[in-house]
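These notes concern the structure reproduced below.
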Amino acid sequence: MELAEDKVKSLIDGENLNKLNDETLDQLIRIAVSHLCRKSDGEALTQLCRSKPDVIKTAYADVIKLLIEAARHDTSSEELSKLLRCTALTKAHIDKFCQFHANYKEQLQENLETIGNGLPHIIDVDWRIDYCIKSSINDSAGIPNYNISLSTMKHGNIQSVQFMCTIQELQELVLKLKDAARHIEKLTNP
Numbered sequence: 462m463e464l465a466e467d468k469v470k471s472l473i474d475g476e477n478l479n480k481l482n483d484e485t486l487d488q489l490i491r492i493a494v495s496h497l498c499r500k501s502d503g504e505a506l507t508q509l510c511r512s513k514p515d516v517i518k519t520a521y522a523d524v525i526k527l528l529i530e531a532a533r534h535d536t537s538s539e540e541l542s543k544l545l546r547c548t549a550l551t552k553a554h555i556d557k558f559c560q561f562h563a564n565y566k567e568q569l570q571e572n573l574e575t576i577g578n579g580l581p582h583i584i585d586v587d588w589r590i591d592y593c594i595k596s597s598i599n600d601s602a603g604i605p606n607y608n609i610s611l612s613t614m615k616h617g618n619i620q621s622v623q624f625m626c627t628i629q630e631l632q633e634l635v636l637k638l639k640d641a642a643r644h645i646e647k648l649t650n651p
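Mapped onto the working numbering, the consecutive letters of the sequence shown carry residue numbers 462 to 651.
This is the structure:
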């Protein structure tokens with residue numbers, strides 16, 4: 462999905478950003494990028510806010526929104542430049558945005574992937590059967606137990622989820638997974 466022209470106009474107030482000189486805008490974008498890439502301590506923005514605090518804060522919010530949306534929509538620098546021409550931004554400010562976007566787009570996208578509470582993806586399954594011959598704890602001797610190990614990935618981190626189940630529990634799990642797969646197939650095929 463592409464970043465739309467009307468969305469860019471709503472994200473950024475070009476007239477407000479044009480009130481900033483080139484050096485201040487450069488520092489503001491640099492602070493925003495370092496904040497989004499989790500390398501900022503926050504002190505630089507407070508020092509920059511001493512001159513025009515309201516303008517700086519609004520401009521900072523606009524820069525953050527624009528950088529996030531451009532990275533989220535995987536917008537190229539050329540597309541971003543074209544979209545920003547419809548705003549009131551000057552050519553120098555557009556070039557500055559596009560330069561920072563090109564340099565930090567991949568890093569911003571990587572950091573955006575770590576945000577959220579999505580479920581981990583199962584990437585591998587390993588299992589084995591244990592057969593208990595005799596138990597002093599209960600009378601369930603002679604029943605096979607299945608040890609299942611799921612390798613999951615979330616935000617690039619691989620973890621293992623392990624559990625034990627009986628044949629009936631394993632059959633129920635398989636039936637529920639097949640049922641979920643059927644529902645997903647119905648949703649994707651209209």
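Just so it is clear, CB atoms sit at the ideal spot from N, CA and C, and this is done for glycine as well.
CB contact flag (residue i, residue j, <8 Å)
| i | j | result |
| --- | --- | --- |
| Val524 | Ala493 | yes |
| Cys626 | Ile609 | yes |
| Asp487 | Lys557 | yes |
| Leu497 | Leu527 | no |
| Ile628 | Leu611 | no |
| Pro581 | Lys637 | no |
| Ile555 | Leu545 | yes |
Delimiting residues of the beta strand (DSSP E) encompassing residue i
| i | result |
| --- | --- |
| Lys615 | 605–615 |
| Asp587 | 582–592 |
Same chain, Cβ closer than 6 Å to residue i, neighbours up to 5 away in sequence not counted
| i | result |
| --- | --- |
| His562 | Ala531, Ser538, Leu541 |
| Asp587 | Ser610 |
| Lys480 | Val516 |
| Gln620 | Thr613 |
Status (buried if at least 16 other CB within 10 Å, exposed otherwise) for residue i
| i | result |
| --- | --- |
| Ile490 | buried |
| Ala642 | exposed |
| Cys559 | buried |
Range covered by the alpha helix (DSSP H) that runs through residue i
| i | result |
| --- | --- |
| His564 | The question names His, but residue 564 in the sequence shown is Asn. Per DSSP, Asn564 belongs to the alpha helix (DSSP H) from 552–574. |
| Ser538 | 538–545 |
| Lys637 | 628–649 |
Cβ neighbours of residue i in the same chain (closer than 7 Å, five flanking residues each side left out)
| i | result |
| --- | --- |
| Ile590 | Pro605, Tyr607 |
Same chain only: Cβ atoms within 8 Å of residue i, ignoring 5 sequence neighbours per side
| i | result |
| --- | --- |
| Val635 | none |
- prompt: Is the segment 544–561 in contact with the segment 573–580, if contact means three or more CB pairs nearer than 8 Å?
  reply: no
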